[in-house]
Structure formats: C-alpha cells, structure tokens
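Those protein sequences? They're chains A and B, same order as listed.
Residue 289 is where the first sequence starts when you use the working numbering, and the numbers rise one by one after that.
Residue 329 is where the second sequence starts when you use the working numbering, and the numbers rise one by one after that.
The beta-carbon is built from N, C-alpha and C at its ideal position, and this holds for glycine as well.
In this text, all values refer to a predicted model and were calculated from it rather than measured experimentally.
Structure first, commentary second.
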Amino acid sequence: MTTRTPATRVSFAGVLAAEWTKLVGLRSTLWVALGTALAAASLAYGLSLFAGRGDGPTGVSLVVAGSVLAQTGALALGALVGAGEHSSGAATATFTAVPRRLPVLAAQAVVTGAGAGVTAAAALAASALATTDARTRAGLVLELADPETARMLAGFVLHLVGVALLGLGLGALLRRPGAVIVAGVILLVVVDQLLATNPGQVTDTLRAALPGAGARLLLDDAALAALDAASRGPRLGAWGGGLVLAGWAVGALAAGAGRLCRGDVTR
Amino acid sequence: MIEVEALVKRYGSTTAVDGLTFTARPGTVTGFLGPDGAGKSTTMRMIVGLERPTAGTATVDGRRYAELDAPLHSVGVMLDARSVHPGRTAFRHLLAQARTHGIPRSRVDEVIAMTGLEPVAHRRAGTYSLGMGQRLGIAGALLGDPGTLILDEPVNGLDPDGVLWVRRLVRDLAAEGRTVLLSSHLMHELALCADRVVIIGRGRLLADAPVHEIVERSGGTLEEAYLQLTAGAVQYRGRATTSPTTTTAGDAR
Ligand SMILES: Nc1ncnc2c1ncn2[C@@H]1O[C@H](COP(=O)(O)OP(=O)(O)OP(=O)(O)O)[C@@H](O)[C@H]1O
Ligand SMILES: [Mg+2]
C-alpha cells in the first residue's frame, strides 16, 4: 500500500458505468437477450406461415407478432438485474460502494431500459428477416414511413422496455428472480385470461388496468378498434395502454425503492 | 476511526446486538471476538449501512457511513466471500465497484496482483475455492485504499501462506495509521496480530482491552481468557458423541 490512489467520489455517472459493467459482465443477461430475440423471430416466423393474401395480417403485424414470447424475456432481464443483485449476494458489495442506495436502482433502470431496447430492436430485425418470405408471398409491404407501422414498431420496443422495468421494480421489491417471473406472468397474462372468461363492465375495466394493456402499443388500428368496440370498459387506444403499463412499471419501481431505502440489505 | 455507541439491532424477537459501545482507533488492529451468533457480523453490517440499527449510532471518522462522499476511500469492507455474483469474474466485479467512485482500472489490476488473484481474475467467481473467494473479498476491501478496514473472518479458508500474508497486511495497514477492525475465531492468530480486543456475547460487550492486559488478567493464553470471559454467553454448544446426556437408554438399564 505505498501508492495512495487519487481521491475520487461517488457520482451518478460512475454508478451508471458500474451497472453497465455488471450487466454486460454476466452471461445470463446476454443469453436472455439473445433468447428473447430468437424466440420473437421464431414465433413471428411460425405465424407467418399461415399468412395469406387478402384480409389477413398486415406486414408490420407479422413483424411484431413475437412480442407475446418476447415479453417473458424482457421480464426475466429486469428480474435478473433487480433481484439477482440480492439473491446472488452481490448486494453487499454494491451497497457498501453506494450506501445511498437509490442511485443504484435509478442506474439499473437506465441500463435495463437500454438493454431491453436493444434486445427489442434486435428482435424486430430478426423477425423482419424471418418473415421476409411470407411477406413477399402474400404481397405485404413493410412501409416504415406509414405512421401506423412506425407506431407499432416503436410500440414493440416501448412495450418490452416497460415490461423489463416492471421486472426490475418487482425484482427490487421481491429480491428473488423466480418470484418476479411468477408474479410478472400472473400480472401480465394469467389474471387477464381469467377475467376474459367473464366479460362485463367490471372485468373489462379491470383488464384495461392490467399491465398487459401495454401490448396495445403494437396492435394495428383495426385490431384496436375491434378491441375497444367489444370492451365495456374504458377505451384506451394504443397510447392509453402504454400509459397503463408505464404506471405499473413506475409503481413497481417505487415500491422496490421503498423497500430498498427503508429496509436492510440482507439475504 | 470507528465509533459504535449504544447500538441495538432486533430481528423480530431476537436481539442480535444489545446496546453495544466500543471504539476502534487509528493505528490499531482491533480484534472483534465472540461466540457464534454473538452479533459480530451484524454489528459490522450496521457500521457500513447495510442494516439499519434499531437504536444507537455507528460512525466512521465521525460521520455516518451513508453520509460519506467516497465510502470506498474511507472504509474497505470484507463481509463474506459470497458478496459477489457467481456469474461475474473477479475483474468485472472489482471494476464495477471501482467505477462507482471513478477509481482507475489500474487500481483494479493492482489489488488483483496484491491478493495473488491474477491467474483466476478472468474466471467466473462461482468457480472459486473458499480461499480464492476470500482473497477477492480482501481485494475489494483494499480497492479504495481506505483509511479504515472492516474484515469479517478474513483468514477463514486461507492456506497457511495466506494467513501469514493477512497477518502482515493488517499489521502494515495499522502501522500506516489506518484503523483495522477484524473479527476472527482464531485466538492464536489474533494474539499475533491484534493490539486490542473487543469481546462480545449475545450482543453485549464482555471485554474491551489491550491484548496483553486481557492475557495478564487471566494468567494464561488469549484463548483461555476468551473462554473464561464468554463462558456464560455461548449460545450454540456442540456435544461429544459419547456425552452421557445422549445415552439415556444406557441410563435406564
Ligand atoms: N437477517 C436476519 N434475520 C434474523 N436474524 C438474524 C439476521 N441476521 C442475523 N440474525 C441473528 O442475529 C444474531 C447474530 O448474528 P451474527 O451473524 O451477527 O453473529 P456472528 O457474531 O457474526 O456469528 P458467527 O461467529 O457465527 O459469524 C444471530 O442470532 C442470528 O441468527
Ligand atoms: Mg459472523
């Protein structure tokens, strides 16, 4: 210990760099990202085999069709960052370096959002490739300048980012990746499916308030209109659904922040 | 300098730390002793802000740990060897910690070299042996070149060479004017490297004195002194397999 290191201090930029180093330094996160893109593309490819000419799907709806599977990957990504911290024991090192704690969660939100965004873009590119044949066959064009198409592609990315942040918030709250996946799948899929079996004003309203409403971001205008016409609950449109998901993500992050700030960092 | 004052920590109905007060001074190696479950690790975790005290305060250089601008430069902590994600390499783990403070990458290489981890620095920590994990913990504690070190059972799992190295390291650190608080169950080791010992049992202070004073008072070794002092505070006691209490069937005969 002859050379004293120059004095430096904790900064948010530093915490951000640290969280990025942690994220890309884990094989599990890289595999989840890759698996998410591949799962999305495979599902899109599978569905594209049934695409025919006529009143079937549009080109872009084939490209975003993989989101049903991809959302689980985004959830897992958030869970790995938020809960993996605690379940692996790494939290001791993380929070002795940044004892104010909240900057860590904020930085995790930024890197998780970025990671999910990149994953979603990769999933879109892979899905576009995987559906090229089917789209050519059915004469479906992918017109990026078309506002509906642009909204659906952006919606696919935003939806996955929102689900990943929901996973991160639940991770900080529950601290076990398995628990986050279970809770997330219940919130995103199971409750919605149960309520769907019994349509009515109350159940339709509840369904509109579930985080799964975020999937509206990537529905085409016709599907949204059909959904809103059939629902006796509030008519959310595409962006309304996105806001509901954003509300859930913010709520989960706030709850996670609450536990992080008030409680002990113990296992 | 570490100052712990009237520190209390309760988990539901268990009181892990019960009104503990002591000071670890600069230039001194303070040994932190006590039976299993006495509250040593809990106290250390409270000093570095990982757990919230139920009552009382713990400060480093007069400030609460969470208020420090550069905690890694003030305090180096090694709490247990599992405070690293098993999927991350030692290098990445240390680099992430360094980045929070803007500590240069060269310092990461330096502590890896100091702890002898070079051959495995780019291997995932989940594949490390106990002693390698322990070395990584010590590397993390040295990263910020801190004025105070808190080491929870640092020699646990180290080979004889490593034990000797830690002994020299903590002596050198104290000689440089740093504060070292070190917990251990190895009395022989502590007798060699500690200046002072703080002994606790069931969360309460049992003794706080220079090693030579404690040894002189009991008239034996540090181990004998420790056993006398903690005799009433041992919570978990093993039994010999031939103990009469386990042979009730024999008694009935
Ligand atoms: N998170 C927790 N929840 C409940 N009880 C806890 C928790 N952490 C510690 N304890 C309890 O607090 C007491 C003190 O534990 P601690 O780990 O501080 O002991 P220790 O002195 O470090 O023991 P050892 O020498 O075995 O490491 C024990 O009774 C333990 O069971
Ligand atoms: Mg302990």
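Interface residues of chain B facing A/Gly377 [CB-CB closer than 8 Å]:
For the purposes of this step, residue 377 of chain A is taken as residue 89 along the first sequence, with counting starting at 1. Here the neighbours are Asp408, Arg410, Ser411, Val412 and His413.
Ranges of the alpha helix (DSSP H) found wholly within the segment 327-390 of chain A, counting only runs of at least 4:
347-351, 355-370, 372-375 and 379-385
Buried/exposed call for B/Tyr564, threshold 16 Cβ in 10 Å
Position 236 of the second sequence holds residue 564 of chain B. Under this definition B/Tyr564 is an exposed residue.
Give a yes or no on whether the minimum CB-CB distance between A/Arg464 and chain B is below 8 Å.
Mapped onto the first sequence, residue 464 of chain A falls at position 176. No, because no Cβ of chain B sits closer than 8 Å to the Cβ of A/Arg464.
Would you check if the segment 441-460 of chain B and the segment 504-524 of chain B touch, i.e. whether three or more CB-CB distances between them fall below 8 Å?
no
Would you call A/Gln396 buried or exposed, if buried means 16 or more other Cβ atoms sit within 10 Å of its Cβ?
As a first step, residue 396 of chain A must be located in the first sequence, where it is residue number 108. Classification of A/Gln396: buried, given that the 10 Å Cβ count is 16 or more.
Using DSSP's beta-bridge definition, name the partner residues of B/Arg391.
The residue you call residue 391 of chain B lines up with position 63 of the second sequence. DSSP output for B/Arg391 lists B/Val388 as bridge partner(s).
For B/Pro488, three-class secondary structure by DSSP
The residue given as residue 488 of chain B occupies position 160 in the second sequence. B/Pro488: helix per DSSP, three-state reduction.
If we define contact as Cβ-Cβ less than 8 Å, is A/Leu548 a contact residue for chain B?
Stepping through the first sequence from its first residue, residue 548 of chain A is reached at position 260. No, A/Leu548 does not count as interfacial toward chain B.
Which parts of the segment 510-577 of chain B are runs of the beta strand (DSSP E), unbroken and 3 residues or longer, counting only runs that do not cross its ends?
524-529 and 532-538
Any residues whose CB sits closer than 5 Å to a heavy atom of ligand 1? List them in chain order?
A/Thr554, B/Tyr339, B/Ala344, B/Asp364, B/Gly365, B/Ala366, B/Gly367, B/Lys368, B/Ser369 and B/Thr370
Which residues mark the beginning and the end of the alpha helix (DSSP H) in which A/Gly443 is found?
Stepping through the first sequence from its first residue, residue 443 of chain A is reached at position 155. Start and end: Pro435 to Leu462.
Taking all protein chains shown into account, do 16 or more other C-beta atoms lie within 10 angstroms of the C-beta of B/Glu481, making it buried, or fewer, making it exposed?
Taking the second sequence and counting its residues from 1, the one referred to as residue 481 of chain B is at position 153. Flag for B/Glu481 reads buried.
Could you name the residues of the segment 379-399 of chain A whose beta carbon sits closer than 7 Å to any beta carbon of chain B, in the order they occur along the chain?
Thr380, Ala381, Phe383, Thr384, Ala385, Val386, Pro387 and Arg388
For B/Ile431, which beta-bridge partners are listed by DSSP?
Within the second sequence, residue 431 of chain B is the residue found at index 103, counting from 1. Paired residue(s): none; B/Ile431 is not in a bridge.
Where B/Met329 sits in the DSSP three-state scheme
Position 1 of the second sequence, counted from the first residue, corresponds to residue 329 of chain B. It is coil, neither helix nor strand.
Taking a cut of 7 Å between CB atoms, which residues from the segment 301-318 of chain A lie near chain B?
Gly302, Val303, Ala305, Ala306, Thr309, Lys310, Gly313, Leu314, Arg315 and Ser316
In the DSSP assignment, the beta strand (DSSP E) including B/Ala344 goes from what residue to what residue?
Looking up residue 344 of chain B in the second sequence gives position 16. Unbroken beta strand (DSSP E) run through B/Ala344: Thr342 to Ala352.
May I ask you to report which of helix, strand or coil DSSP gives B/Val357?
Position 29 of the second sequence holds residue 357 of chain B. B/Val357 falls in the strand class under three-state DSSP.
In chain B, what lies closer than 8 Å to A/Arg372 by C-beta?
Locating residue 372 of chain A in the first sequence gives position 84, where the first residue counts as 1. Note that residue 372 of chain A corresponds to Gly in the displayed sequence, not to Arg. Neighbours of A/Gly372 on chain B, chain order: His413.
By how many angstroms is the C-alpha of B/Thr476 removed from the C-alpha of A/Leu390?
The residue labelled residue 390 of chain A in the question sits at position 102 within the first sequence. The residue labelled residue 476 of chain B in the question sits at position 148 within the second sequence. Between A/Leu390 and B/Thr476, the C-alpha separation is close to 25 Å.
Any idea if B/Gly578 is buried or exposed, counting beta-carbon neighbours within 10 angstroms, 16 or more meaning buried?
Counting from 1 along the second sequence, the entry for residue 578 of chain B is found at position 250. Bear in mind that a pLDDT of 42 at B/Gly578, under 50, signals an unreliable position, so the number given afterwards is only what the model happens to contain. It is exposed - the Cβ of B/Gly578 has fewer than 16 other Cβ atoms within 10 Å.
Helix, strand or coil at A/Thr491 according to DSSP, with G and I counted as helix:
By one-based count along the first sequence, residue 491 of chain A stands at place 203. Three-state DSSP puts A/Thr491 in a helix.
Under 8 Å: do the segment 450-462 of chain A and the segment 520-527 of chain A share three or more Cβ pairs, one atom per stretch?
no
Taking DSSP as the reference, what is the three-state secondary structure of B/Thr417?
Numbered from its first residue, the second sequence carries residue 417 of chain B at position 89. The answer is strand: DSSP assigns B/Thr417 an E or B state.
Does any heavy atom of ligand 2 sit closer than 7 Å to the C-beta of B/Asp480?
Here residue 480 of chain B corresponds to residue number 152 of the second sequence, with the count starting at 1. True, at least one ligand heavy atom lies under 7 Å from that Cβ.
Would B/Gly566 be called buried (16 or more neighbouring beta carbons within 10 Å of its own) or exposed?
Numbered from 1 along the second sequence, position 238 holds the residue referred to as residue 566 of chain B. With fewer than 16 other Cβ atoms within 10 Å, it is exposed.
Short CB-CB distance (under 8 Å) between A/Thr324 and chain B:
In the first sequence, the residue the question calls residue 324 of chain A occupies position 36. A/Thr324 does not count as touching chain B.
Is it a yes or a no for the segment 531-546 of chain A touching the segment 510-517 of chain A, going by three-plus beta-carbon pairs under 8 Å?
no
I'd like the list of long-range same chain contacts for B/Pro414, defined as Cβ closer than 6 Å, with 5 residues on each side in sequence excluded.
For this step, residue 414 of chain B is matched to residue 86 along the second sequence. Excluding positions up to five away in sequence, the list reads Ala453 and Gly454.
Contact belief for B/Gly583 with B/Leu486 at Cβ below 8 Å, rounded distance in angstroms
This structure cannot settle anything about residue 583 of chain B, because the visible part of chain B is limited to 329 through 581.
Amino acids of chain B, ordered along the chain, whose beta-carbon sits closer than 9 Å to that of A/Val298
Locating residue 298 of chain A in the first sequence gives position 10, where the first residue counts as 1. The contacting residues are Leu396, Asp397, Ala398, Pro399, Leu400, Thr428, His429 and Gly430.
Limits of the alpha helix (DSSP H) - the one that A/Gly302 falls within
What you label residue 302 of chain A is simply residue 14 of the first sequence in a count that begins at 1. Per DSSP, A/Gly302 belongs to the alpha helix (DSSP H) from Phe300 to Val312.
At the level of alpha carbons, what is the spacing between A/Tyr333 and A/Thr407?
Within the first sequence, residue 333 of chain A is the residue found at index 45, counting from 1. Within the first sequence, residue 407 of chain A is the residue found at index 119, counting from 1. Roughly 18 Å between the two C-alpha positions.
Quick test of the definition: if touching needs 3 or more C-beta pairs under 8 Å, does the segment 518-527 of chain B touch the segment 543-556 of chain B?
yes
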